[in-house]
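If you read the sequence shown in this note's numbering, its first letter stands for residue 1, the second for the next number, and so on. Report on the structure given below.
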Amino acid sequence: MSHGEAPIRIDGRTLTCEDIVLVARGASVRLDATARKRAQDAWELAEDITATRQVYGRTTGVGANRQEEVDGDAVLGHGLRLLRSHAGGVGPLLPDDQVRAALLVRLNQLAAGGAGTHPRVLDALEQAIRVGALPAVHRFGAIGTGDLTALAEIGLTLAGERPWRSGAVPPVPLGTGDALSFMSSNAATLGESALACAELQVLLRASHAVAALSFLALGGSAEAYASAVHEARPHPGQAHCAAQMRRLLGIDDAPAAGRRIQDPFGLRAFPQVQGPALDSLAQLDRILGVEVNARAENPLVAPEAGDVFHHAHFHTAYVSVALDQARAAVHHVAELSTARLGDLVEPAMTDLPAFLSSGPAGSSGVMILEYVAHDALAQLRHAALPVTLGNAVVSRGLEDHASFSTQAARQATVAADAFRYVLACELVAAARALRMQDVQLADVPARNVFERAAAVLDPSLEDRSLTHDVALAVDLLTELAEL
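Following this line, the structure appears as structure tokens:
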């Protein structure tokens with residue numbers, strides 16, 4: 001946590017994707033006292049009800065073992081047996097930012113007061129986030145119906161049974177009722193989803209700036225962004241994109257004609273393609289806002305009703321469907337970026353040498369950028385394939401549907417990484433084209449974008465490796481998103 005930065009308040013009701021990003025990057029947290037009391041009330045109610053009747057996972061087995069009653073001496077070790085048997089994750093370890101995101105989401109969900117987990121578990125999670133302690137969490141082991149393996153590994157680490165990956169906090173006792181109530185969450189999936197959602201939103205904002213540079217280099221027609229056009233079909237994302245392009249390019253109510261009566265789709269259809277992506281990410285952000293503040297544990301401990309309810313909030317179809325839609329929409333935006341890159345290397349579109357080359361005949365210029373961009377686009381296309389068309393039947397047929405939101409989140413991370421490279425290739429080419437045209441740009445925000453890019457990217461035009469240029473452009477996109 002940086003000096004002077006206020007901790008993120010954890011109250012079980014107001015956590016946002018932006019908060020998750022901040023904590024994943026090192027911000028600290030503070031558990032709200034009212035939220036802790038809410039968790040205490042739920043724990044006390046769960047203890048009282050468990051003493052009088054069967055409650056899933058507390059006095060019974062889980063999954064197809066739900067009918068198996070746990071009583072007598074077996075009750076004492078039931079919770080730890082559940083955690084140990086479910087801590088079977090495999091594969092590589094999750095990166096640090098995703099683990100911090102998972103810890104945060106689980107803490108906030110427990111603070112919502114529906115789990116019945118002892119408040120000392122919340123205290124341990126809060127302390128782990130504050131001191132930077134990270135458990136070792138394996139990637140594979142969930143299908144969108146609860147991050148059972150990941151949370152079991154975290155739970156056993158909190159209990160002192162597993163070593164910390166980095167840092168440590170004192171072990172916390174886990175009672176019989178703490179095991180399933182802690183595991184009954186999709187916190188790791190939601191954490192990764194929030195990080196990917198935020199990253200994709202940044203890149204979509206940056207794509208306005210990058211497309212504006214290509215528009216200038218290609219002498220685009222401003223008519224495609226006119227307010228009258230988008231008032232005629234006012235989808236929110238589309239209208240927002242057109243407004244951003246008007247702002248960046250200084251387009252007024254009487255847009256000037258471009259070089260062509262109609263531009264290629266990369267310029268002309270940008271609002272119509274960018275708009276669905278903006279709307280999809282806004283919808284995903286809204287859904288994640290519900291999920292990370294939800295009392296989604298099964299069973300739900302409801303102090304306001306004085307009862308415990310068995311249900312299926314562990315199923316995350318909302319999340320998986322929204323992630324599938326977001327990835328598909330972003331893929332279309334990336335396709336337009338590669339289309340504009342193709343226009344930028346075409347002399348008829350820029351009045352510049354082919355491939356923006358400078359040197360003897362046959363010089364290649366930025367030719368290789370198309371290959372790089374289409375490689376990244378192919379990666380994005382693969383990541384955009386829907387995961388919600390699959391299914392799984394597990395636990396002796398009892399659990400006969402799965403959302404695969406975990407895989408959808410994982411693919412969203414891949415898609416964001418690939419999308420950043422696609423945009424970076426276009427940025428390198430657009431900045432180079434404007435540099436070669438050497439025209440005086442009007443005093444509009446897009447000129448600031450170009451000046452920032454020109455200050456960072458290598459001005460050399462001879463044939464050379466563009467690896468470093470693309471790397472610089474990748475890093476620059478976050479800054480351009482704020483311009």
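C-beta atoms are modelled at their ideal positions from N, C-alpha and C, and glycine is treated no differently.
{"Asked": "Is GLY144 buried or exposed, if buried means 16 or more other CB atoms sit within 10 Å of its CB?", "Found": "buried"}
{"Asked": "For a quick check, are the C-beta atoms of SER280 and ALA408 less than 9 Å apart?", "Found": "no"}
{"Asked": "For my contact list, LEU300 and HIS311 are in at a C-beta cut-off of 8 Å; report their separation, rounded to the angstrom.", "Found": "6 Å"}
{"Asked": "Of all the options ALA277, HIS86 and ASN293, which has the alpha carbon lying nearest to the alpha carbon of PHE140?", "Found": "HIS86"}
{"Asked": "Taking the alpha carbon of PHE215 as the point to measure from, which residue in ALA196, GLY258 and GLN283 has its own alpha carbon closest?", "Found": "GLY258"}
{"Asked": "Report all residues from its chain with a CB closer than 6 Å to the CB of VAL210; omit the five preceding and five following residues, and keep chain order.", "Found": "LEU423, GLU426 and LEU427"}
{"Asked": "Okay, do the region 368-387 and the region 241-261 touch, 3+ Cβ pairs below 8 Å being the bar?", "Found": "no"}
{"Asked": "What is the DSSP secondary structure of LEU158, reduced to helix, strand or coil?", "Found": "helix"}
{"Asked": "Exposed or buried, GLN411, counting other C-beta atoms within 10 Å across all chains shown (16 or more means buried)?", "Found": "buried"}
{"Asked": "On the CB-based measure, 16 or more other CB atoms within 10 Å of its CB, does PRO360 come out buried or exposed?", "Found": "exposed"}
{"Asked": "Can you tell me where the alpha helix (DSSP H) holding ARG204 begins and where it ends?", "Found": "At residue 204 the sequence reads Leu, which differs from the Arg that was named. LEU204 -> alpha helix (DSSP H) spans 187-218."}
{"Asked": "So, at 6 Å on beta carbons, what are the nonlocal neighbours of VAL308 in its own chain, with the 5 sequence-adjacent residues on each side left out?", "Found": "ILE49, VAL55, PRO299 and VAL301"}
{"Asked": "Quick check: what's the CA-CA separation for ILE10 versus LEU45?", "Found": "22 Å"}
{"Asked": "Look at the alpha carbon of GLY390 and the alpha carbon of GLY26, and state the distance between them as a whole number of angstroms.", "Found": "36 Å"}
{"Asked": "Quick check: the Cα distance between GLN437 and LEU352, rounded to an integer number of angstroms?", "Found": "8 Å"}
{"Asked": "Can you tell me whether DSSP reads ALA473 as helix, strand or coil?", "Found": "helix"}
{"Asked": "Take the Cβ of GLU153 as the centre, count every other Cβ of all protein chains shown within 10 Å, and call the residue buried at 16 or more, exposed below.", "Found": "buried"}
{"Asked": "Can you check whether the CB of ALA471 is closer than 9 Å to the CB of ALA453?", "Found": "no"}
{"Asked": "With H, G and I counted as helix, E and B as strand and the rest as coil, what does DSSP make of PRO92?", "Found": "strand"}
{"Asked": "Just reading off the alpha helix (DSSP H) that ALA373 is part of, what are its end residues?", "Found": "367-384"}
{"Asked": "Between ALA187, ARG130, ALA429 and LEU218, which lies nearest to ASP469 when the distance is taken from Cα to Cα?", "Found": "ALA429"}
{"Asked": "Is any heavy atom in the ligand PLP found nearer than 8 Å to the beta carbon of ALA392?", "Found": "In the structure on display, the ligand PLP does not appear, and there are no ligands present to speak of."}
{"Asked": "Contact check, ARG38 vs PRO7 under 8 Å by CB: the rounded distance?", "Found": "Rounded, the Cβ-Cβ distance is 19 Å, inconsistent with contact."}
{"Asked": "What are the boundary residues of the alpha helix (DSSP H) that ALA42 is part of?", "Found": "33-50"}
{"Asked": "With 16 as the cutoff for other CB atoms within 10 Å, does SER2 come out buried or exposed?", "Found": "With a pLDDT of only 45 at SER2, under 50, the local geometry of the prediction cannot be trusted, and no value is derived from it."}
{"Asked": "Pick helix, strand or coil for HIS138, following the three-state DSSP scheme.", "Found": "strand"}
{"Asked": "Within its chain, find whatever has a CB closer than 6 Å to the CB of ASP41; leave out the 5 residues flanking it on each side and keep chain order.", "Found": "PRO303"}
{"Asked": "Restricting to Cα atoms, I'd like to know which of GLU199, ASN108, ARG260 and PRO255 is closest to ALA277.", "Found": "GLU199"}
{"Asked": "With distances taken between CB atoms, is the gap from GLY89 to ALA150 smaller than 9 Å?", "Found": "yes"}
{"Asked": "Could you name the residues that DSSP lists as bridge partners for GLU508?", "Found": "The structure shown does not extend to residue 508, since the chain is modelled only from 1 through 483, so no value can be given for it."}
{"Asked": "Identify whether VAL23 lies in helix, strand or coil by the three-state DSSP scheme.", "Found": "helix"}
{"Asked": "Beta-carbon within less than 7 Å of SER395's beta-carbon, same chain only, minus the 5 sequence neighbours each way: which residues are those?", "Found": "GLY63 and ALA64"}
{"Asked": "Would you mind reading off the limits of the beta strand (DSSP E) that contains LEU288?", "Found": "No beta strand (DSSP E) holds LEU288; the alpha helix (DSSP H) holding it covers 270-292."}
{"Asked": "For GLY79, which of ALA102, ALA334, ARG340 and GLY175 has the nearest alpha-carbon?", "Found": "GLY175"}
{"Asked": "Ends of the beta strand (DSSP E) at ARG9?", "Found": "8-10"}
{"Asked": "Return helix, strand or coil for LEU300, following the three-state DSSP convention.", "Found": "strand"}
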